[in-house]
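Residue numbers (this note's numbering): 21 to 383.
Ideal Cβ placement from N, Cα and C applies to all residues, glycine included.
Computed from a predicted structure; not experimentally measured.
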């Protein structure tokens, strides 16, 4: 009998808690914390004394109150979408609000999520059209200089993160206008770009900076119509800088072989285009040939000579002339190679083939 009384007392206590929870749930404000509180309330250990159906029904009731609160939260959020103005700034703030909201409300069970997402997309598209007009108008403020080109690249990156997330007519309209403005500025900014990269030091750090400069300018589509001119300018400068880096290391080595410092920078046609006498000597030295001497043509002469030892210890004398091997550029070109018993004349291309062989790139 005492046990039955105890069970009835516990049951009555559980039912009282249940009824109080219902009253409390009806008065709850629509917050995520209260929704979580409802879930905790449903797990009250006292409910073990309720009949299973009554306990289950109470859990469902509290869950429905939670959904009702969630619907209120999501519904209020939907109403706020319309408060963002139809401007580029309004678009950005709407996107930031949506991102924060979806993070804050993650896990919330509401019957209005489909409506929420549809309302967001609808407002997003509505704002994107006007935002595109604002963005297009902003393109006029960029000067037709390298600085303006860099500003445009930064502006496009920002647009990719806002207007670019809405792949509608507004974005495609902006992309077309951006491409036209970019073409105009890129044409006028090319000389500034060449000047900037020519000022970069011939160091590993300078080379790295140059190799990323073009990518930073044109990271996103569309690219300018003269993109290849920028790429070619960068390639030419990279080639110069790599040669400059090699030159620094090479010229340190030349201090020990006796090639006069003034002669080291004399232009020479190598197997792959213009180089210097100093770099050529370094290149052949790495492949078993040893520098012996170099003689300039002097005031009245026209023949320059380079003496080297081949891999077998035989002295070779290379006679060279200064010719315009490349339009507007005079440089030394080998015309004859002699040893103690023979001599062989060379054409310009024959000299390049021979230079290729001496440099160890062939044979």
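Annotated as proximal: residue 238 and residue 247, with beta-carbon spacing under 8 Å. With the rule of 3 Cβ pairs closer than 8 Å, the segment 161 to 168 does not count as touching the segment 139 to 152. The alpha helix (DSSP H) runs of length 4 or more contained entirely in the segment 263 to 327 are, from start to end of the chain, 281 to 284, 297 to 305. Closest in C-alpha terms to residue 305, from the list 270, 142, 314, 342, comes 270. The beta-bridge partner set that DSSP reports for residue 341 consists of 353.
In the structure shown, the three-state DSSP call for residue 81 is helix. Contact annotation: residue 129 and residue 97 have beta-carbon atoms that are not nearer than 8 Å. With respect to residue 258, residue 230 sits close: the two C-beta atoms are nearer than 8 Å. With a 10 Å radius around the Cβ and a threshold of 16 neighbouring Cβ atoms, residue 138 comes out exposed.
When C-alpha distances from residue 376 are compared across 295, 321, 316, the shortest belongs to 295. For residue 364, the enclosing beta strand (DSSP E) has its first and last residue at 363 to 365.
Taking a contact to require three or more Cβ pairs closer than 8 Å, the segment 111 to 128 and the segment 65 to 76 do not qualify as touching. Within the same chain, 345, 351, 353 come within 6 Å of residue 289 by CB-CB distance, once the 5 residues on both sides are set aside. A direct Cα-to-Cα measurement between residue 273 and residue 203 gives close to 47 Å. Per the C-alpha coordinates, the member of 30, 87, 34 positioned closest to residue 57 is 87. Look at the segment 78 to 150 and you find these whole runs of alpha helix (DSSP H), each 4 residues long or longer: 108 to 124. Residue state for residue 68 is assigned as helix, using DSSP reduced to three classes.
Counted as a single uninterrupted DSSP element, the alpha helix (DSSP H) harbouring residue 218 occupies residues 189 to 218.
Taking a contact as a CB-CB distance under 8 Å, the pair residue 283 and residue 309 does not count as one, their CB atoms being some 17 Å apart.
Beta bridge pairing from DSSP links residue 51 with no other residue. Judged by DSSP in its simplified three-state form, residue 165 adopts coil rather than helix or strand. Contact between the segment 57 to 66 and the segment 98 to 107 is absent: fewer than three C-beta pairs spanning the two stretches fall below 8 Å. Here residue 324 is buried. Its C-beta has 16 or more other C-beta atoms within 10 Å.
Excluding the 5 residues flanking it on each side, residue 245 has same chain C-beta neighbours closer than 7 Å at 203, in chain order.
Restricting attention to 370, 338, 374, the CA atom closest to the CA of residue 363 is found in 338. Residue 378: member of the alpha helix (DSSP H) spanning 368 to 378, first to last residue. Residue 347 holds the alpha-carbon nearest to the alpha-carbon of residue 293 among 347, 329, 250, 334.
Only exposed fits residue 24, as fewer than 16 other CB atoms lie within 10 angstroms of its CB. By the beta-carbon neighbour count (other beta carbons within 10 angstroms, threshold 16), residue 49 is exposed. Between the C-alpha atoms of residue 136 and residue 55 there is a straight-line separation of about 19 Å. Looking from the CA of residue 342, the closest CA among 281, 322, 359 belongs to 322.
Here residue 319 is exposed: its Cβ has fewer than 16 other Cβ atoms, across all protein chains shown, within 10 Å. Residue nearest to residue 52 within the set 225, 126, 298 is 126 (criterion: CA-CA distance). When the beta-carbon positions are compared, residue 334 and residue 311 stay at least 8 Å from each other. Counting every other CB atom within 10 Å of its CB across the protein chains shown gives residue 143 a total of 16 or more, marking it as buried.
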